[in-house]
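Going by this note's numbering, the sequence shown opens with residue 2, and the numbers climb by one from there.
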Amino acid sequence: MTIAAHNTGRTFVSATAGQAQSSLAERLGIKPNQVVQEIGYDADTDEELRSSIESVSTNELVDEDYDDVVDTVLLWWREDDGDLFDALSDALTTLADGGHIWLLTPKAGREGHVEPSDILEAAQTAGLSQTKSISAAQEWSGTRLVSPKARR
2 MTIAAHNTGR
12 TFVSATAGQA
22 QSSLAERLGI
32 KPNQVVQEIG
42 YDADTDEELR
52 SSIESVSTNE
62 LVDEDYDDVV
72 DTVLLWWRED
82 DGDLFDALSD
92 ALTTLADGGH
102 IWLLTPKAGR
112 EGHVEPSDIL
122 EAAQTAGLSQ
132 TKSISAAQEW
142 SGTRLVSPKA
152 RR
């Protein structure tokens, strides 16, 4: 992040740093006024991505106890977190029609990595389709999951 100080004593973040941060959330398709539910937050989650999502959505992330409808679920998941099918099924309970789940898993070679075949199997069993995979953050891969159109 670029920070510059002027002789006025004030600091500011450059437009390019703000744009770079916003682009993280925009790559996930986050839009202003969306409600994003975060599940699986832990010390290893990417704070820059979280901050970018809050900045673009203009809302704070809501946690797993939130019981209203959400536009997007951000699910941080590691290999030892339990049953991925159960987690995806639970994430669907508050998801709005047309909403999606971003499953964030540690990148290959990192502790907690989840095999793509395990993601695919759990998603299909939960009735979800994988539509996109991206490098969501330095240590995290993102898989976008949606309900098939016929079910929406």
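Yeah, the Cβ is synthetic: ideal placement off N, Cα and C, and Gly gets one too.
| query | result |
| --- | --- |
| What residues in its chain sit with their C-beta under 6 Å from that of E65, if we drop five residues either side in the sequence? | I40 |
| Can you tell me which of the three DSSP states I120 falls into? | helix |
| Give every residue of the same chain whose Cβ lies closer than 7 Å to the Cβ of R28, excluding the five residues on either side of it in the sequence, and list them in chain order. | I135 |
| With distances taken Cα to Cα, identify the nearest neighbour of V63 among L146, A109, W103 and V36. | V36 |
| With DSSP as the reference, please indicate the residues paired to L105 in a beta bridge. | W77 and G143 |
| Name, in chain order, the residues that DSSP records as bridge partners for Q131. | L146 |
| Can at least three beta-carbon pairs, one atom from the segment 47 to 54 and one from the segment 87 to 96, be found at a separation below 8 Å? | no |
| Pop quiz: A123 and L96 are said to be a contact at Cβ under 8 Å. What is the actual Cβ separation, rounded to whole angstroms? | Between L96 and A123 the Cβ distance is about 16 Å, and since that is not below 8 Å, they are no contact. |
| I'd like to know whether the C-beta atoms of H101 and L146 end up nearer to each other than 8 Å. | yes |
| Enumerate in chain order the residues of its own chain whose CB-to-CB distance from Q139 is below 6 Å, with the five nearest sequence positions on each side excluded. | none |
| Do W78 and R43 count as a contact pair if the criterion is CB distance below 8 Å? | Before going further, note that residue 43 is Asp rather than Arg in the sequence given. No. Outside cutoff. |
| How would you call S58, buried or exposed, if buried means at least 16 neighbouring beta carbons within 10 angstroms? | buried |
| Taking the alpha carbon of L105 as the point to measure from, which residue in S142, P149, G99 and Q131 has its own alpha carbon closest? | S142 |
| Thinking H128 and D81 are a contact (beta carbons under 8 Å), I'd like their distance in whole angstroms, please. | Residue 128 is actually Gly in this sequence, not His. In fact, because the Cβ distance is near 25 Å, the residues do not count as touching under 8 Å. |
| Would A137 be called buried (16 or more neighbouring beta carbons within 10 Å of its own) or exposed? | buried |
| Counting along the chain, where does the alpha helix (DSSP H) carrying V57 start and finish? | E48 to S58 |
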